[in-house]
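Position one of the sequence shown corresponds to residue 1 (the UniProt record's numbering), numbered consecutively onward.
Okay, structure first, notes after.
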Amino acid sequence: MAASSEGADSPSADRPESQLGSLFFRSGLFRKYALLIGGLVSGALVFAGSLEMYFSYPEQKLALLQLQREKAAGAAVVIERFSREILAQMGWLTHAAYLDSGAAVQQRRQDFQRILRQVPEITEIAFIDASGRERLSVSRVAIDELDRGTDFSGRENFTTAKSEGFYFGAVYFRDESEPYMTVGLRDQGKNPGVIIAEVNLKMVWNVISQIDVGQGGSAFLVGSNGMLIAHRDISLVLRKTDLSSYSQNLLVRTDASRSDIPQLGVITTGLDGIRVLSAFAMIERLDWLVIVESPLSEAFAPLYASLRRSAVLVILGIVISALAGLLLARRIVGPVKTLQQGAARIGAGELDQRIELHTGDELEQLAEDFNDMSVRLHESYEKVRRVSVLKRYFSPHLADLIVASDNSEITSSHRREVTVLFCDLRNFTAYSSLAEPHETLQVLEQFYVAVGDRLLEYEATIGYFSGDGLMAFLNDPLPCPDHSEKAVRMAQSMQADLAILLESWNDRGVNLGFGIGIATGLATLGHIGTRDQYHYTAIGSVVNLASRLCDIARNGETLVSGPVRNGAGNVAVFEELGERTLKGFGEPVTILRVSGLKS
């Protein structure tokens, strides 16, 4: 009996495997999690390291291609920006279209001479009237020509610019040395002509030559006709190298409709006949192709070094994971349940409770993070509730600022100097009485989208909407020291946006106008409305004055009061229109018109 009892109580190698597994899961947490963490982390590191080395080649190749692509795309962006800036500078030359014929010629000559001084890339510029006849030509190296009468009506630069608004010609070489391009821009007015400029592309050479492609790499630019435009070996350009049959050029231009074109680049044969890592980027507006190439031996050198480092790191990771398993198992078991219970209470909405844990390590910090999270969640819920109320009459950004200020009195009734802006559409009442309802609402929607974007941009507070117009003000509820300047800038931005919108409406037969009135002065501000529905607005004589100025403003005009000029004189040019007696005002009021913003 004694022998039998001793054999039953002693450990035995013959114990069934299921009992050994049960003993492991019933053992202490330290032994259990030390083995689990060490084993799992070591196994994961071995597995991940193996996959890392197996897949590192395509991933590193992709990263290198991405780097090449970014270089090409960066150059494409700079060149694209260069073309846009040329068009933007030429856009300043179209204002003469609104002058009479005699004044327009003189103004254009002055504008053309000025742009030749300001934009060195433009060497010649000419104005072609609507019939295709050259009326003015200004050059850096030739005598100005007036009414030369050269017929451009059948030329592509004239017809394309007149129909599409702009034109970029093919690259050509002047004096067999420097690349040039012809740029055309449609003039303004009811019967617009075309402004044509000859642009020197030397700046494009500088952009391409500055791309860092290592010792054996190269970057170059291919035109729409397949000719080499820029390369750091300038002799290739001057020899008019034809790359129309080059693999990269063919891939992009002949298979542009295919969905399997590499977006980053390819491994191919370069201009020197060696295998290269090649990436490209299209300049859509100009139909040019930027190509960046690096020899494979140079491009993949970091890849091989990375593989060696990965092998060493896997071995070190296995050793560290074993030690980490022992340490983590010792520290993680005790406070886990406390953290779990606290997280459950937070998840249930008990945001005012705290998790008390004093372990002196990351678990204690985690408990503090849970506590901080519950506090922030409580504050966030409260802020969301306040912001949802304020966004009914403030811009989202302004509402967020009001809540962030943590000042409950910021929107209470008070007096403050503000700048008030009124704007509305002209002839809208007559138009809406004849138009279909859906057309009327479509026009209003486009109008409010245009002005609404500017109100958000300049952080104006909307007082109220009134059919085809609105009232807004600045410097309340949050201070804005330059509120007069900001209002004038906002008004000019609105006028520019509405000029485009009015032209599109006019093309559809909708003849409307747009006017703005601005006044600066003291106003009473606060909530107005019923108990259940109200809005935040301004009242006072300054509001009435801005409204009256808006009423008398003609299409495209921004009329302001004297204090607005005093506050915005540094940024805008004003034209004094004299004094007028306005409805509701006993004394005459000085009225000014905004002529434009200072440079």
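Positions of the beta carbon are idealized from the N, C-alpha and C atoms, including for glycine.
Close-in-space but distant-in-sequence residues of the same chain around residue i (CB under 6 Å, 5 per side omitted)
i, result
"Glu124", "Ser139 and Glu198"
"Val542", "Val420, Ala519, Gly521 and Ala523"
"Val78", "Val207"
"Arg565", "Phe574 and Leu592"
"Ser247", "Thr268"
"Asp497", "Ala450"
"Leu582", "Arg548 and Val589"
Inter-residue spacing [alpha-carbon to alpha-carbon] between residue i and residue j
i, j, result
"Glu445", "Val451", "10 Å"
"Ile355", "Leu377", "15 Å"
"Val213", "Phe280", "13 Å"
"Ser257", "Leu250", "Residue placement at Ser257 is flagged as unreliable, the pLDDT there being 47, under the threshold of 50; a coordinate-derived value is accordingly withheld."
"Phe465", "Met471", "7 Å"
"Leu296", "Val119", "41 Å"
"Arg114", "Leu93", "10 Å"
"Tyr304", "Leu327", "35 Å"
"Gly216", "Ile128", "48 Å"
"Met494", "Gly596", "13 Å"
"Glu134", "Arg174", "22 Å"
"Arg308", "Ile320", "19 Å"
"Thr558", "Val594", "6 Å"
"Gly154", "Gly132", "8 Å"
"Leu243", "Pro58", "29 Å"
"His527", "Gln492", "29 Å"
"Ser599", "Ala572", "9 Å"
"Asp260", "Val252", "Bear in mind that the predicted position of Asp260 carries a pLDDT of just 49, short of 50, making it too unreliable to give a figure here."
"Thr429", "Arg489", "28 Å"
"Glu459", "Val418", "13 Å"
"Cys480", "Thr461", "12 Å"
"Ile539", "Tyr448", "23 Å"
"Val141", "Arg416", "60 Å"
"Gln106", "Leu87", "22 Å"
"Asn225", "Ser50", "48 Å"
"Ser101", "Thr530", "59 Å"
"Ile234", "Ser177", "10 Å"
"Asp147", "Leu116", "20 Å"
"Pro302", "Leu45", "22 Å"
"Asn191", "Glu485", "36 Å"
"Phe24", "Ala322", "The predicted model places Phe24 with a pLDDT of 49, which falls under 50 and marks its position as unreliable, so this point remains unresolved."
"Glu298", "Leu238", "28 Å"
Residue interval of the beta strand (DSSP E) (run including residue i)
i, result
"residue 607", "Outside the shown range of the chain, which is 1 to 599, sits residue 607, and nothing can be said about it."
"Gly186", "The sequence as given places Arg at residue 186; Gly does not occur at that position. Glu178 to Arg186 is the span of the beta strand (DSSP E), which, as asked, contains Arg186."
"Ser297", "That residue, Ser297, is in no beta strand (DSSP E); its alpha helix (DSSP H) goes Leu296 to Ala299."
"Val204", "It is not in any beta strand (DSSP E) - Val204 instead sits in the alpha helix (DSSP H) that spans Lys202 to Ser209."
"Ile355", "Unbroken run through Ile355: none, as it is neither H nor E."
"Ile283", "Arg275 to Ile283"
"Ile122", "Ile122 to Ile128"
"Thr581", "From DSSP, Thr581 is part of no beta strand (DSSP E); its letter is neither H nor E."
"Thr94", "Neither: Thr94 is in no beta strand (DSSP E) and is coded neither H nor E."
"Glu134", "Glu134 to Ser139"
Cβ-Cβ distance between residue i and residue j below 7 Å
i, j, result
"Ser83", "Leu286", "yes"
"Phe422", "Ala546", "yes"
"Ile196", "Ala230", "no"
"Gly584", "Asn555", "no"
"Leu136", "Arg108", "yes"
"Gly223", "Ala97", "no"
"Val312", "Ala76", "no"
"Leu525", "Asp482", "no"
"Val266", "Ala72", "no"
"Asp424", "Asp468", "yes"
Cβ-based neighbour list, residue i, same chain, cut-off 7 Å, excluding 5 preceding and 5 following
i, result
"Arg580", "Pro588, Val589 and Ile591"
"Ala343", "Phe370"
"Leu35", "none"
"Val443", "Trp505 and Val510"
"Arg426", "Leu512, Gly513, Phe514, Gly515 and Asn555"
"Asn157", "Tyr167, Gly169, Thr182, Gly184 and Ile196"
"Pro335", "Leu357, Thr359 and Leu363"
"Gly149", "Arg133 and Glu134"
"Ala553", "Gly515, Ile516, Gly517 and Leu559"
"Leu99", "Gln107"
"residue 613", "Residue 613 is absent from the model: the chain starts at 1 and stops at 599."
"Ile274", "Pro295"
"Leu577", "Ile591, Leu592 and Arg593"
Residue range of the unbroken alpha helix (DSSP H) whose run includes residue i
i, result
"Phe112", "Ser101 to Gln118"
"Thr160", "Glu156 to Glu164"
Other residues of its chain near residue i: CB distance less than 8 Å, five sequence neighbours each side excluded
i, result
"Met373", "Ile346"
Hey, which unbroken runs of the alpha helix (DSSP H) at 4 residues or more fall wholly within the UniProt domain "Guanylate cyclase" (419-550)? Entirely contained in the UniProt domain "Guanylate cyclase" (419-550), the alpha helix (DSSP H) runs reaching 4 residues are, in chain order, 428-434, 437-457 and 483-507.
Taking only runs of the beta strand (DSSP E) that begin and end inside the stretch 228-254, which ones reach a length of at least 3 residues, in chain order? For the stretch 228-254, whole beta strand (DSSP E) runs of length 3 or above, ordered along the chain, are 228-231.
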